[in-house]
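Read through the structure below, which is laid out as structure tokens, and then see the notes.
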Ligand SMILES: NC(=O)c1ccc[n+]([C@@H]2O[C@H](COP(=O)([O-])OP(=O)(O)OC[C@H]3O[C@@H](n4cnc5c(N)ncnc54)[C@H](OP(=O)(O)O)[C@@H]3O)[C@@H](O)[C@H]2O)c1
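Numbering (my numbering), first residue to last: 917 to 1183.
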């Protein structure tokens, strides 16, 4: 695959690292205006570093856009005359909808939106995908790319903001739960490093249990809540303090916020 990442910042670099680790490319163009931070990637023979987006587009088939929203339209305007039927456009840009992209480059182009999260850097992203009708003919290629970098799910574009909250913001939500568990473990006598190790691996184990068993989380909870035992005592105390309710309220608050940000900044 000949891939270009247009805008190799935090997310673009994480995608690049994942593609390189997986040997998923025949050529990889990495662009940004100031390329000094990317120089060490030049040692990969497949990688070309450039600040020239047009050069990257001409030498690539799959274009992954990872710039800030405010830069995207100008970049599309700059490269659109170079687009051919070989190009697949994959945008990771939050809130920038498929019809907005099509309005610049044309609805005949293969246009796909991807919403990964930062776990893409370790090959564990949950990436949601949607496309225009033309793009649906090539969405399997986007799935193949993002399945190498975690797992992916094709959803309607109307659910993309909700997916952003659950998956991209969700990384922060889960991190805070890991941190809180770590603080609890320190209070129970573990040193900070041990406490974090216990919290992280237990979180990973819980997720792996439901992924690999296919069980409902509550079925796994039933296995560890002995009647009158310590687990149900602690769990019910957390629920009295609003654990599930506060998580749901936080998710809904983020969702309301992302919709107002979109209306103000994008539309
Ligand atoms: N981080 C996440 O978890 C995440 C998740 C999902 C989606 N997203 C979306 O991904 C996009 C990128 O996020 P990010 O956190 O990676 O931002 P970022 O670190 O600011 O990266 C954007 C990069 O674009 C480059 N750039 C700006 N103008 C350019 C141009 N004309 N041509 C080529 N490169 C250009 C910038 O480098 P120079 O200034 O050197 O050009 C910068 O390194 C955002 O739209 C965000 O909404 C992020």
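A virtual CB, placed ideally from N, CA and C, is assigned to each residue, including glycine.
All values derive from a computational prediction rather than experimental measurement.
Quiz item: Out of 1022, 1018, 1041, 1123, which has the shortest C-alpha to C-alpha gap to residue 1083?
Solution: 1041
Quiz prompt | Contacting residues, own chain, Cβ-Cβ under 8 Å from residue 1021 (five flanking each side not counted) | solution = 992, 996, 999, 1005, 1027
Quiz prompt | At least 3 beta-carbon pairs within less than 8 Å: the region 1092-1111 vs the region 1032-1046 | solution = Because the criterion of three Cβ pairs below 8 Å is not met, the region 1092-1111 and the region 1032-1046 do not touch.
Exercise. Counting only the same chain and skipping the five closest in sequence on each side, list residues whose C-beta sits under 8 Å from that of residue 1175.
Key: 1077
Quiz item: Just how far apart, CA to CA, sit residue 969 and residue 945?
Solution: 9 Å
Practice problem: Report the residue from 1145, 940, 939, 963 whose alpha carbon sits nearest the alpha carbon of residue 947. | Solution: 963
Exercise. Please say whether residue 981 and residue 1009 have beta carbons closer to each other than 9 Å?
Key: In contact: residue 1009 and residue 981 (Cβ atoms closer than 9 Å).
Self-check item: Same chain, Cβ closer than 8 Å to residue 1171, five either side skipped, listed in chain order
Solution: 1077, 1078, 1081
Quiz item: By DSSP, does residue 1052 sit in helix, in strand, or in coil?
Solution: helix
Self-check item: Three-state secondary structure assigned by DSSP to residue 1147
Solution: helix
Exercise. Mind reading off the beta-carbon distance from residue 1177 to residue 1011? Whole number of angstroms is fine, and I expect it under 8 Å.
Key: 7 Å
Quiz item: Would the beta-carbon of residue 957 be found less than 8 Å away from any heavy atom of ligand 1?
Solution: no
Quiz item: For residue 1116, which three-state DSSP category applies?
Solution: helix
Quiz prompt | 6 Å CB neighbourhood of residue 955 in its chain, flanking five on each side removed | solution = none
Self-check item: Three-way DSSP call (helix, strand, coil) for residue 1031 in this model
Solution: If DSSP states are grouped into helix, strand and coil, residue 1031 belongs with the strands.
Exercise. For residue 1104, count neighbouring C-beta atoms within 10 Å of its own C-beta (all shown protein chains included) and say buried if the count is 16 or more, exposed if not.
Key: exposed
Quiz item: Ordered along the chain, which non-local residues of its own chain (more than five positions away) have a Cβ less than 8 Å from that of residue 1131?
Solution: 1125
Quiz item: What alpha helix (DSSP H) runs, 4 residues minimum, are completely inside the region 1041-1100?
Solution: 1055-1063, 1076-1079
Quiz item: Can you tell me whether DSSP reads residue 963 as helix, strand or coil?
Solution: strand
Exercise. Could you tell me the boundaries of the beta strand (DSSP E) in which residue 981 lies?
Key: 978-981
Quiz prompt | Delimiting residues of the alpha helix (DSSP H) encompassing residue 989 | solution = 985-995
Quiz item: Where residue 939 and residue 1161 are concerned, what is the direct C-alpha to C-alpha distance, given to the nearest angstrom?
Solution: 43 Å
Self-check item: When 1123, 1144, 1073 are compared against residue 1136, the one with the closest alpha-carbon
Solution: 1123
Practice problem: Give me the Cα-Cα distance between residue 1048 and residue 1013, rounded to the nearest whole angstrom. | Solution: 10 Å
Quiz prompt | Beta-carbon separation (whole angstroms), residue 1002 vs residue 977, contact threshold 8 Å | solution = Contact holds; Cβ gap of about 5 Å.
Practice problem: Could you check if residue 923 is buried or exposed, using at least 16 other CB atoms within 10 Å of its CB as the buried criterion? | Solution: So residue 923 counts as buried.
Quiz item: How far does the alpha helix (DSSP H) with residue 1139 in it reach, from first residue to last?
Solution: 1133-1140
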